[in-house]
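J.: Quick one: the structure is below, questions incoming.
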RNA sequence: GGCGACGUACCCAAGUGGUUAAGGGAGAGGUCUGCAAAACCUUUAUUCGUCGGUUCGAAUCCGACCGUCGCCUCCA
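Here it is, written out as structure tokens:
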């Protein structure tokens, strides 16, 4: 597949500028996104992050790039509280649920993928686990010690931030500021309070521990991302994504570890997505104001949630409320209604409708211009609404003489954009080409019979058909172009 | 205290120097319709937190102020 004309610009958090995106290796893109720590069900904040990056990956693929998308599963080393102290989050959850840590990890990893599947988020190509990469992490620590960037104290190994001159370049901080900014100082064996743990010594009761040159212990949180991104994408790679709140210290530390160990630049583009808020306040696990995805889909359709999230830019905060989601749901239904109509018509005419083909081209340009501009999905959606207005007008005067070519152009653009890139069409719309399958035949039969009844003005029976179908989740709408159904 | 972001209609949300300030939801009026739903048309910000400045020209750049939020401690 060849690369389409590439005019993609991405806002790079590292340089604080929109930059033209040109991958390191022609035609290939490596992207790493910080994945979840699997100690609880995912919430809408996760949904925003992973849906946003899903569209990034889908768009890059649409442009013709061969994309390798790596997203880690953090299953060890993520500590409960400040300054590298406190209990491991997974271990704590295991204690609470009276399970093995790896059972906790397994349960919530499955739960995470279930949620992502239902939100139509494509799976990463590789989902490496921290606990599966202990030898690599130990090796990296050894390299860092050898090169003088890390030191061991009584079974703990720390990264010496003063040894790495670039520390703070991503988050825009200097070490001096950090010293002054430190809150309550924790007693610690660190040489500098800003140093962070690469390896933590495990107490004998600790459930997760591995042998290392420094005794039994477990890796620090930041290390896994450095290791696994390097292993699967190379020491320098194209895009690193994650939540804004992880810029510091997590991403800053990743850069320090990787660049110190490899002596090469780390990620070229850093993308940070913004937060979901509730009444203006960040939705977060520690605040307890979160709505899990599993709860959200009880009240709203998964695609409406996805569409709602894509309705604001990934770098903007998104305030969640049930009302806002309901409004989004209506907007999405409008899109679905038009797509359903389009997919139900049978092109018979021969003429090529140049005027309408031109509208399709206008839409293509607007849609792609929007995504080329730092994945501006709200603008792409606005362009879609402009276009569906055009489609509706076109359908009402020309549907009977639609040419197959024009129809094909229309169907393929809808399929590429709404299903392929934005991922907001339901499964029933995915096979756009021909209506095949038993259900379609049965539905056609019912619709034909019902329309016969309507002609005979037997509305009691025709309404009963519609009502009973509605009760089993199939909607019939009588439009000027004929009756359409969707489930 | 330090670093950073944001403030656009009733609600959500694009737009970051130049003709009439996108789009969605909600509201109002109309066309269509057996009904329902949808669709279509019209309509709802002389104005972009406030006050100054730069400019021929600013929502867009600069400054101050007010307000909200994020990070500096785990969080997508």
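In our numbering, the protein residues as written are 8 to 494.
The beta carbon of each residue, even a glycine, is placed where N, CA and C say it ideally should be.
Small disclaimer: the values here were computed from a predicted structure and weren't measured.
Taking the CB atoms as reference points, tell me whether residue 72 and residue 38 lie closer together than 7 Å.
T.: No.
J.: Identify the continuous alpha helix (DSSP H) that holds residue 413 and give its terminal residues.
T.: It spans 411-421 - the alpha helix (DSSP H) in which residue 413 sits, taken as one unbroken run.
J.: So what does DSSP say about residue 360, is it helix, strand or coil?
T.: It is coil, neither helix nor strand.
J.: Using the Cα positions of residue 216 and residue 152, report the straight-line distance between them to the nearest angstrom.
T.: The alpha-carbon atoms of residue 216 and residue 152 are separated by roughly 21 Å.
J.: Would you identify the three-state DSSP class for residue 388, choosing helix, strand or coil?
T.: The answer is helix: DSSP assigns residue 388 an H, G or I state.
J.: Just how far apart, CA to CA, sit residue 307 and residue 448?
T.: About 30 Å.
J.: What is the DSSP secondary structure of residue 307, reduced to helix, strand or coil?
T.: Looking at residue 307 - three-state DSSP - the assignment turns out to be coil, as it is neither helix nor strand.
J.: Leaving out the 5 sequence neighbours to the left and right, which residues in its chain are closer than 6 Å to residue 398 when beta-carbon positions are compared?
T.: Once the five neighbours on either side are set aside, the close Cβ partners of residue 398 are 345.
J.: Throw me the rounded Cβ distance for the residue 45 and residue 81 pair, which I believe falls under 8 Å.
T.: Residue 45 to residue 81, Cβ: 7 Å. Contact.
J.: Could you work out which residue in 50, 354, 456 is closest to residue 294 when comparing CA atoms only?
T.: Selected option, being the one with the closest Cα: 50.
J.: Tell me whether residue 94 sits in a helix, a strand or coil according to DSSP, three-state version.
T.: DSSP places residue 94 in coil when its eight states are reduced to three.
J.: DSSP puts residue 490 in a beta bridge; with which residues?
T.: 485, per the DSSP bridge assignment.
J.: Decide if residue 367 is buried, meaning its Cβ has at least 16 other Cβ atoms within 10 Å, or exposed.
T.: When all chains shown are included, residue 367 counts as buried.
J.: Less than 7 Å between the C-beta atoms of residue 277 and residue 59, yes or no?
T.: It is not a contact, given that the beta carbons lie outside the stated cut-off.
J.: Expressed to the nearest angstrom, what Euclidean distance is found between the alpha-carbon atoms of residue 17 and residue 285?
T.: Their Cα atoms are separated by approximately 28 Å.
J.: Which of the three DSSP states is assigned to residue 157 in this structure?
T.: Three-state DSSP puts residue 157 in a strand.
J.: Do you know whose CA, among 324, 415, 386, 304, lies nearest residue 356's CA?
T.: The option with the nearest alpha carbon to residue 356 is 415.
J.: If you draw a straight line from the alpha carbon of residue 32 to that of residue 263, how long is it in whole angstroms?
T.: Answer to the nearest angstrom: the Cα atoms are 24 Å apart.
J.: State the CB to CB distance for the pair residue 230 and residue 201, rounded to an integer number of angstroms; the pair is presumed to be in contact (CB under 8 Å).
T.: Not really, about 16 Å apart at Cβ, beyond 8 Å.
J.: Have a look at the DSSP bridge pairing and note the partners of residue 203.
T.: Per DSSP, 166.
J.: Which class does residue 270 belong to by DSSP, given the choice of helix, strand or coil?
T.: Coil at residue 270, not helix or strand.
J.: For the beta strand (DSSP E) that contains residue 351, what are its first and last residues?
T.: Premise fails: residue 351 lies in the alpha helix (DSSP H), 329-351, not in any beta strand (DSSP E).
J.: Leaving out the 5 sequence neighbours to the left and right, which residues in its chain are closer than 7 Å to residue 253 when beta-carbon positions are compared?
T.: Closer than 7 Å at the Cβ level, and outside the excluded window around residue 253, lie 41.
J.: Who are the Cβ neighbours of residue 259 in its own chain at under 7 Å, not counting the five residues just before and after it?
T.: 174, 175, 177, 178, listed in sequence order.
J.: Would you list, in sequence order, the uninterrupted beta strand (DSSP E) runs of no fewer than 3 residues that lie entirely inside the segment 202-264?
T.: Segments of the beta strand (DSSP E) lying fully in the segment 202-264: 203-208, 224-226, 244-250.
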